[in-house]
Structures are given as structure tokens and as C-alpha cells.
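Residue numbers (the UniProt record's numbering): 1 to 73.
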């Protein structure tokens with residue numbers, strides 16, 4: 001390989017590259033309501049009157065978790 005300055009390098013030794021394309025499932029995601037008469041973990045598909053509910057859960061290290069509310073990020 002030769003760069004723009006004309007420097008040439010030798011071949012590198014062979015190596016194996018593994019790309020992990022498996023999406024890890026998000027587990028134990030919880031929304032907790034801390035306001036009003038009904039407090040605690042909100043059931044899947046449930047509603048809350050808490051405008052700042054606590055979100056908790058785990059995901060694969062280094063991954064990005066995106067939260068949507070009514071289709072909006």
C-alpha cells in the first residue's frame with residue numbers, strides 16, 4: 001500500500017475480524033410512577049400521572065437506548 005506521500009508499507013499478517021450483529025434484548029425495563037394515589041411500577045401498556053417517571057432497566061454495555069413517548073424520541 002502506498003500513501004499520498006509515496007511511502008510504501010509491507011503486508012500485514014492475516015487476522016480474523018468478527019462483527020457481532022446480534023441485537024441483545026432489553027430486559028427488565030420498568031417505568032415507576034412516584035406521584036399521586038397510584039404509585040409503583042406501571043404495567044406494560046399502562047398509564048401514569050407522573051410527568052417525570054423513573055425509567056430503569058439493563059441493556060448491553062456500550063449500547064444506545066432510545067426512549068419514545070407516543071412515537072416521539
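Quick reminder that beta carbons are idealized off the backbone N, C-alpha and C, glycines included.
Beta-bridge partners of residue i, as assigned by DSSP
i	result
residue 12	DSSP, once it has assigned bridges, lists no residue as partnering residue 12.
residue 30	56
residue 66	None; residue 66 has no bridge partner.
residue 78	Any property of residue 78 remains undetermined from this structure, which presents the chain solely from 1 to 73.
Proximity winner among the options, relative to residue i (alpha-carbon distances)
i	options	result
residue 38	29, 50, 27 and 28	50
residue 61	36, 27 and 47	27
residue 63	46, 45 and 20	20
Other residues of its chain near residue i: CB distance less than 7 Å, five sequence neighbours each side excluded
i	result
residue 66	73
residue 29	57
residue 55	31 and 67
Beta-carbon contacts of residue i that lie in its chain and below 8 Å, excluding the five residues immediately before and after
i	result
residue 40	32 and 33
residue 22	none
Close beta carbons around residue i, own chain, < 6 Å, minus the five adjacent residues each side
i	result
residue 36	49
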